Amino acid sequence: MGFFRFFDLYNQPTSEHNVSFDLTISHPVQSKSILPTTPQQSYCYASRIPPEIILLILESAYDDEDVESNNNKGMLRSFALVCRDWALPAQKLLFRHASLNSLADYLAFSSATNRSTERGRVLGDAVRSMRASLDPNQPSSLSQLSFAHAVTLCPNLHALDISLYGCVSPGNDIVGSPDTLRMRRPAPSFDEAALALLKSGPRISTLRFSNWSENRQSITQLLSVWTTLTTLVIGGTAPELPSPVSEPFPCALQELGINFQTCPSVDFFRWLLHNSMDTLCALEVEREPSSPDVLLYLIDTHCATLQSLSLPTCTRATARVIEKCTRLHGFSVEDGGSFPLALKKLSSRVGHVGFGLNKEMSMQSVLEAVKANESLQAVTVNLWNDGKLHRQLPSLKMACALRGIDLRITHDIRAFRGIVRGKHMAQK
């Protein structure tokens with residue numbers, strides 16, 4: 016009877032009841048039921064929802080596309096207070112996307128994910144992505160070693176988003192100063208102890224690295240740690256080739272995103288993408304490169320494999336190179352004025368296009384493509400500068416409806432980028 020006594024106590028309702036079970040049957044042949052038959056006898060059944068179902072319920076209300084949403088965090092904190100059975104599943108979702116910006120953040124995180132405890136292991140295992148800010152200008156800033164140790168506490172971590180800032184003398188950090196000034200500040204390279212910890216940690220597949228310092232070697236240091244990357248997004252200060260020049264970056268990337276004020280050299284991209292000739296399927300360019308040769312090189316070199324291409328604008332030279340991308344399935348241009356030029360060069364296999372629309376843009380070629388391109392499945396439009404007043408916008412809505420094409424209209428460039436960028440735009 017020991018197990019049943021424990022089970023009964025473990026599932027005891029919060030209200031007070033005198034609950035008892037009689038599990039003995041004196042006459043099993045004659046007895047038709049072991050349940051109490053008199054109304055005076057009270058009984059209840061302990062019924063618990065399996066943890067897998069609870070997690071499924073919570074995930075259905077969780078917006079995984081907006082990991083920083085305060086609605087997400089507030090909702091999950093409320094769920095964690097519902098009852099004991101909901102607490103841990105809700106906390107696991109809270110820890111799915113971690114964010115560390117200070118020493119205090121690290122201390123709280125490392126305490127919660129302490130792998131010497133069962134609960135710590137559960138929460139550490141729940142972490143899938145981590146955002147970290149290494150900014151020595153902030154009070155009690157997150158150190159390299161603390162960041163590296165936090166990474167080792169999360170064996171299932173696969174995505175990292177790191178922002179690196181340079182140092183400035185106390186009192187001279189001007190809030191709101193232009194990025195160009197912030198990027199002229201020195202930042203220390205990653206030390207050997209931190210790199211050793213990172214190498215001992217989980218296998219990272221997605222790395223986003225924004226470098227707001229003048230240290231041009233930090234990204235190559237991190238790339239030497241993770242040789243399992245499939246997605247790389249880099250921006251800020253343009254990196255340089257390793258010194259001395261090492262063997263090409265060993266990863267076969269599937270997705271590359273770049274956002275530089277001054278673009279790295281073609282030689283850097285040759286080194287970075289040497290082993291990605293047969294795998295790169297998505298290219299995202301957030302800012303017009305300072306050297307057009309870089310963009311032309313990237314598209315021309317990988318035209319045979321590119322399936323998704325996102326550009327800020329499109330010149331005639333770029334349009335001519337895009338014509339070589341015969342496997343392209345998703346294509347977007349944020350500057351709608353140059354979109355018709357690119358549209359004429361696109362392969363007939365393109366299934367999803369996106370563009371910015373202002374009031375003055377010519378949309379005749381877009382309407383023709385919607386009517387004639389049988390492969391087209393989705394159109395995403397970002398309205399700006401009175402684009403909602405475009406006289407042909409109703410015609411676009413009607414043409415898409417008649418063809419059964421999914422038309423999505425946004426008013427926020429961030430929402431637009433979330434729809435039209437990434438490997439999900441590539442042919443399945």
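Here our numbering is used: the first residue of the sequence shown is 16, the next is one more, and so on. For glycine and all other residues, C-beta sits at the position ideal for the given N, C-alpha and C. The structure displayed is predicted, hence computed values, not measured ones.
Rounded to whole angstroms, what's the CA-CA distance from Thr52 to Lys107? Just pull it up for me.
Along the sequence shown, read from residue 1 onward, the residue named residue 52 stands at position 37. Along the sequence shown, read from residue 1 onward, the residue named residue 107 stands at position 92. Any reading at Thr52 is ruled out, since the residue's pLDDT is 49, under 50, leaving its predicted position unreliable.
Taking Leu398 as the reference, give the member of Gln407, Asn116, Pro203 and Ile234 with the closest Cα.
Within the sequence shown, residue 398 is the residue found at index 383, counting from 1. With distances taken between Cα atoms, Leu398 lies closest to Gln407.
If we ignore side chains and look at the alpha-carbon of each, how far apart do Asp37 and Pro65 end up?
As a first step, residue 37 is located in the sequence shown; it is residue number 22 there, counting from the start. As a first step, residue 65 is located in the sequence shown; it is residue number 50 there, counting from the start. Confidence at Asp37 is low in this model, with a pLDDT of 45, below 50, so its placement is unreliable and the value that follows should be read with caution. Roughly 26 Å between the two C-alpha positions.
Does DSSP classify Leu496 as helix, strand or coil?
Since the first residue shown for the chain is 16 and the last is 443, residue 496 is missing from the structure and cannot be characterised.
One question on the structure: do Phe162 and Leu138 come within less than 9 Å of each other, judged by their Cβ atoms?
Here residue 162 refers to the residue found at position 147 of the sequence shown. Here residue 138 refers to the residue found at position 123 of the sequence shown. In this structure, Leu138 does not lie closer than 9 Å to Phe162 by Cβ.
Can you tell which of Val368, Cys329, Pro307 and Thr221 has its C-alpha closest to the C-alpha of Thr395?
Numbered from its first residue, the sequence shown carries residue 395 at position 380. For the residues Val368, Cys329, Pro307 and Thr221, the minimum Cα distance to Thr395 belongs to Val368.
Using a 10 Å radius around the Cβ and a threshold of 16 neighbouring Cβ atoms, would you call Ala414 buried or exposed?
By 1-based counting over the sequence shown, the position of residue 414 is 399. By the 10 Å Cβ count, Ala414 comes out buried.
Cut-off 6 Å between Cβ atoms - residues of its own chain near Glu349, not counting five sequence neighbours on either side
Counting from one through the sequence shown, the residue named residue 349 turns up at place 334. Counting only Cβ-Cβ distances below 6 Å, and skipping sequence neighbours, we find Pro327 and Gly371.
Straight-line CA distance for Leu311 to Ser117?
Locating residue 311 in the sequence shown gives position 296, where the first residue counts as 1. Locating residue 117 in the sequence shown gives position 102, where the first residue counts as 1. Approximately 40 Å, taken between the alpha carbons.
Nearest-angstrom Cα distance between Gly216 and Asp150?
In the sequence shown, the residue the question calls residue 216 occupies position 201. In the sequence shown, the residue the question calls residue 150 occupies position 135. Each residue's alpha carbon lies about 22 Å from the other.
Apart from the five residues just before and just after Ser353, which ones in its own chain have a Cβ nearer than 6 Å to its Cβ?
Working through the sequence shown from its first residue, we reach residue 353 at position 338. For Ser353, where only same-chain residues beyond five positions count, the Cβ hits under 6 Å are Thr328 and Cys329.
Endpoints, the alpha helix (DSSP H) within which Val309 is located
Against the sequence shown, residue 309 aligns to sequence position 294. First-last of the alpha helix (DSSP H) with Val309: Pro307 to Thr316.
What separation, rounded to the nearest whole angstrom, lies between the Cα atoms of Gln322 and His405?
Locating residue 322 in the sequence shown gives position 307, counting from the first residue. Locating residue 405 in the sequence shown gives position 390, counting from the first residue. Answer to the nearest angstrom: the Cα atoms are 30 Å apart.
Leaving out five residues on either side along the sequence, give the residues of the same chain with a beta carbon under 7 Å from the beta carbon of Arg436.
Counting from 1 along the sequence shown, the entry for residue 436 is found at position 421. Here the set comprises Glu299 and Ser325.
Residues near Leu356 by beta carbon distance below 7 Å, same chain, minus five either side
Counted from its first residue, the sequence shown places residue 356 at position 341. Cβ neighbours of Leu356 beyond the five flanking positions: Cys329, Arg331 and Ala334.
Start-to-end residues for the alpha helix (DSSP H) that takes in Thr330:
Residue mapping note: residue 330 aligns to position 315 of the sequence shown, counting from 1. No alpha helix (DSSP H) holds Thr330; DSSP gives it neither H nor E.
Pull up the distance between the alpha-carbon of Ser280 and that of Asp140, whole angstroms please.
As a position in the sequence shown, residue 280 is number 265, starting the count at 1. As a position in the sequence shown, residue 140 is number 125, starting the count at 1. If you take the alpha carbons of Ser280 and Asp140, they lie about 39 Å apart.
Buried or exposed: which applies to Arg285, given that a residue is buried once 16 or more other Cβ atoms fall within 10 Å of its Cβ?
Position 270 of the sequence shown, counted from the first residue, corresponds to residue 285. Exposed, by the Cβ-count rule.
Per DSSP, which residues does Leu222 bridge with? Please list them.
To locate residue 222, count along the sequence shown from 1; it is residue 207. According to DSSP, Leu222 bridges with Leu175 and Leu247.
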